[in-house]
Amino acid sequence: MLPRVRAAVAQLVAGLGAGAGAEPPAEPGGGDGGSPVSPSFCRPAFLQLSPEELRRADDHTGRAVQSPRDGRRRLPWSTGYAEVINAGKSQHNEDQACCEVVFVERRPSPRGRLPSRGKGFYFHYWALFDGHAGSGAAVMASKRLHLHICEQLRELVDILQDPSPPPICLPPETRAGLDDGEVPNNTMPRFHLEKAVSHESLVIGAIENAFKHMDEQIERERASQRLSGGCCALAAVYLMGKFYVANAGDSRAIIIRNGEIIPMSREFTPETERQRLQFLAFLRPELLGKEFTHLEFPRRIQPKELGKKMLYRDQNMNGWAYKKIEEDDLKFPLIYGEGKKARVMATIGVTRGLGDHDLKVFSSNIHIKPFLSCFPEVRVYDLTQYEHCPDDVLVLGTDGLWDVTNDKEVAGVVMEVLTGYEPNDPCRYTMVAQELVVRSRGMLKERGWRLANDKLGSGDDISVFVIPLGGPGNYT
Ligand code: MG
Numbered sequence: 015m016l017p018r019v020r021a022a023v024a025q026l027v028a029g030l031g032a033g034a035g036a037e038p039p040a041e042p043g044g045g046d047g048g049s050p051v052s053p054s055f056c057r058p059a060f061l062q063l064s065p066e067e068l069r070r071a072d073d074h075t076g077r078a079v080q081s082p083r084d085g086r087r088r089l090p091w092s093t094g095y096a097e098v099i100n101a102g103k104s105q106h107n108e109d110q111a112c113c114e115v116v117f118v119e120r121r122p123s124p125r126g127r128l129p130s131r132g133k134g135f136y137f138h139y140w141a142l143f144d145g146h147a148g149s150g151a152a153v154m155a156s157k158r159l160h161l162h163i164c165e166q167l168r169e170l171v172d173i174l175q176d177p178s179p180p181p182i183c184l185p186p187e188t189r190a191g192l193d194d195g196e197v198p199n200n201t202m203p204r205f206h207l208e209k210a211v212s213h214e215s216l217v218i219g220a221i222e223n224a225f226k227h228m229d230e231q232i233e234r235e236r237a238s239q240r241l242s243g244g245c246c247a248l249a250a251v252y253l254m255g256k257f258y259v260a261n262a263g264d265s266r267a268i269i270i271r272n273g274e275i276i277p278m279s280r281e282f283t284p285e286t287e288r289q290r291l292q293f294l295a296f297l298r299p300e301l302l303g304k305e306f307t308h309l310e311f312p313r314r315i316q317p318k319e320l321g322k323k324m325l326y327r328d329q330n331m332n333g334w335a336y337k338k339i340e341e342d343d344l345k346f347p348l349i350y351g352e353g354k355k356a357r358v359m360a361t362i363g364v365t366r367g368l369g370d371h372d373l374k375v376f377s378s379n380i381h382i383k384p385f386l387s388c389f390p391e392v393r394v395y396d397l398t399q400y401e402h403c404p405d406d407v408l409v410l411g412t413d414g415l416w417d418v419t420n421d422k423e424v425a426g427v428v429m430e431v432l433t434g435y436e437p438n439d440p441c442r443y444t445m446v447a448q449e450l451v452v453r454s455r456g457m458l459k460e461r462g463w464r465l466a467n468d469k470l471g472s473g474d475d476i477s478v479f480v481i482p483l484g485g486p487g488n489y490t
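Mapping the sequence shown onto our numbering, position 418 (from 1) lands on 432, and the numbers just tick up by one.
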């Protein structure tokens, strides 16, 4: 193994995590002006933590679960939320969360006339950000991503509010030339090359572009704001009867409906994205810095094995085949390790997310960012297609939850806890979120945090939203 790769692996084994970076500076809007806790620590604004509560939230020993308190502002739809800090793997809680109702205002017409149709629409928004190598990117994304989504949707106000299907999608520069509400009378001949796409596809495209713009903002401002690290991002947008769940990273969303589990995301890791990464390395071998090979082998190859045959697979293969070992095959594999230990270039365990622009292979000048994608996969769930009851929920969780609690166990907790509360009790979803966090964290025993079955509890930061899909007060 090459010395610097060996050093990177040693760093990982020592639990230092992905990428090195100084702790970021104080974040605007975080914490409390009078709080003596570290300025790099802040929690979601909707928790409204007092300085004392903020200190408790930052305590790795007690690991107190945090939720919006009774009597304070309730989250939209009576959404439940709970979080807990890690068991010491990083100085502060690097997860962040955001919950907002956002108004998308129609752009003023270029000729200054009043809009002839509605002025805009609202969307509901919930998001979790799981930071690594510092909390700077996660904090910035938690404060900005919904604004980027809003900005992208502004282009679509007229189209989305037009009830006549199918929509004719005119580019903004074309629409800018029309009066408000004016419909081109020669639409088909003039715009016959425009593809008729669904409203749904346009919203998906807007969310995808918002992630890209968010990533670019982090890149632009990382020096002036001294932002370090990156983050996974999982966002749920409710708009006009549909949920759009966008995931970039290893957080997860599931719907539990009448006891049935409906996956709303998939994780993006070196294992799940192996072929995309290998293909990029195959096309641009210079990104590997002459130290890595894009081929995958079942184990590390020793120099004495040169000329022998070994199983391998490349960017085109799902199965395995034999090849004769050559000099190049002795390089460290682009993807190495299994499960949660799988890493890209021995450095990072997630392959999509925001930030990480300065992330390099340890002690080298090899950049990781080209292999990471900021684009989410967006899944759509139409709420109008099914009559939901108050026990139907969308659960969003960071990997701290899912590492120790599987989908079925989460569904079991949801049903068990909700049964104990009246269907119209607005606190019931907070109780579910708290229970999910407590059961995944475990209880502190002599041998650390332990689950009910005595297995190791999650030592990671854990953040959970529980969003009711049916019941009074929703969809407004
Ligand atoms: Mg995590």
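Glycine is no exception: its CB is placed at the ideal position from the N, C-alpha and C atoms.
Asked: Cutting at 6 Å between CB atoms, please list the residues of its own chain near serine 477, excluding the five before and the five after it.; Found: Glu97, Asp109, Ala111, Leu142 and Thr412
Asked: Which class does alanine 250 belong to by DSSP, given the choice of helix, strand or coil?; Found: strand
Asked: In this structure, how does DSSP classify valine 19 when only helix, strand and coil are distinguished?; Found: In this predicted model, valine 19 has a pLDDT of only 48, less than 50, meaning its place in the structure is not dependable; the value taken from the coordinates is given anyway. Correct three-state label for valine 19: helix.
Asked: Could you name the residues, in chain order, whose CB is less than 6 Å away from a heavy atom belonging to ligand 1?; Found: Asp144, Thr412, Asp413, Gly414, Asp474 and Asp475
Asked: Which of helix, strand or coil does DSSP assign to lysine 443?; Found: What sits at residue 443 in the sequence shown is tyrosine, not lysine. Looking at tyrosine 443 - three-state DSSP - the assignment turns out to be helix.
Asked: What beta strand (DSSP E) runs, 3 residues minimum, are completely inside the stretch 55 to 109?; Found: 94 to 98
Asked: Is there contact here, the stretch 258 to 273 with the stretch 216 to 223, by at least three beta-carbon pairs under 8 Å?; Found: yes
Asked: Taking C-beta to C-beta, are aspartate 144 and cysteine 245 nearer than 8 Å?; Found: yes
Asked: Identify, in the order they occur along the chain, each residue of the same chain with its Cβ nearer than 7 Å to the Cβ of arginine 266, setting aside the five sequence neighbours on each side.; Found: Ser279, Glu281, Gly411 and Trp416
Asked: I'd like the list of long-range same chain contacts for aspartate 11, defined as Cβ closer than 6 Å, with 5 residues on each side in sequence excluded.; Found: Because the chain in this structure spans residues 15 to 490, residue 11 falls outside the shown range and cannot be described.
Asked: For a test of the three-state rule: what should DSSP assign to alanine 147, helix, strand or coil?; Found: coil
Asked: Would you kindly report the start and end of the unbroken beta strand (DSSP E) that includes aspartate 396?; Found: 391 to 396
Asked: So arginine 168 and glutamate 222 are in contact, right, with Cβ under 8 Å, and what is the actual spacing, rounded?; Found: Not confirmed; about 16 Å, so no contact.
Asked: Given a cut-off of 8 Å on the beta-carbon distance, is the pair valine 480 and glycine 94 in contact?; Found: yes
Asked: Any idea if leucine 348 is buried or exposed, counting beta-carbon neighbours within 10 angstroms, 16 or more meaning buried?; Found: buried
Asked: Check tryptophan 416 in the structure and name its three-state DSSP category.; Found: helix
Asked: What are the partner residues of lysine 157, as DSSP defines its beta bridges?; Found: Answer is none; lysine 157 lacks a bridge partner.
Asked: Can you give the Cα-Cα distance for asparagine 199 and glycine 134, rounded to whole angstroms?; Found: Any reading at asparagine 199 must be qualified, since the residue scores a pLDDT of 41, below 50, and its modelled position is unreliable; no value is offered.
Asked: Could you tell me the distance, in whole angstroms, from the CA atom of serine 92 to the CA atom of alanine 250?; Found: 15 Å
Asked: Just curious, the alpha helix (DSSP H) that glycine 426 is in, first and last residue?; Found: 421 to 433
Asked: For methionine 228, report the span of its alpha helix (DSSP H) as first-last.; Found: 213 to 235
Asked: Can you tell me the Cβ-Cβ gap for threonine 283 and glycine 363, rounded? I've got them flagged as a contact below 8 Å.; Found: 6 Å
Asked: Of the residues Leu408, Lys338, Arg290 and Phe293, which one's Cα is nearest the Cα of valine 424?; Found: Leu408
Asked: So, leucine 386 versus aspartate 396, is the Cβ gap smaller than 8 Å?; Found: no
Asked: Spell out the partners DSSP gives alanine 141 in its beta bridges.; Found: Cys112 and Ala249
Asked: Do you know offhand how far aspartate 474's Cα is from glutamate 285's?; Found: 21 Å
Asked: Given this structure, state the Cα-to-Cα distance separating arginine 20 from isoleucine 163, to the nearest angstrom.; Found: The pLDDT assigned to arginine 20 is 47, lower than 50, so where the model puts this residue is not dependable, and the model offers no usable value.
Asked: Just the Cα atoms here: how many angstroms apart are leucine 368 and histidine 213?; Found: 26 Å
Asked: Compare the C-beta of serine 215 with all C-beta atoms of chain D and state if any pair is closer than 8 Å.; Found: Here chain D cannot be found, since the structure has a single protein chain.
Asked: Residues bridged to valine 171 by DSSP?; Found: Paired residue(s): none; valine 171 is not in a bridge.
Asked: Does the stretch 439 to 453 come close enough to the stretch 377 to 394 to have 3 or more Cβ pairs within less than 8 Å?; Found: no
Asked: Roughly how many angstroms separate the alpha carbons of arginine 234 and aspartate 84, rounded to a whole number?; Found: 39 Å
Asked: Let me know the secondary structure DSSP gives glutamate 310 once reduced to three states.; Found: strand
Asked: List the residues that DSSP assigns as beta-bridge partners of isoleucine 476.; Found: Val98
Asked: Would you kindly work out how many angstroms separate the C-alpha atoms of aspartate 72 and histidine 106, rounded to a whole number?; Found: 6 Å
Asked: Taking the alpha carbon of lysine 374 as the point to measure from, which residue in Lys422, Leu302, Asp328 and Arg442 has its own alpha carbon closest?; Found: Leu302
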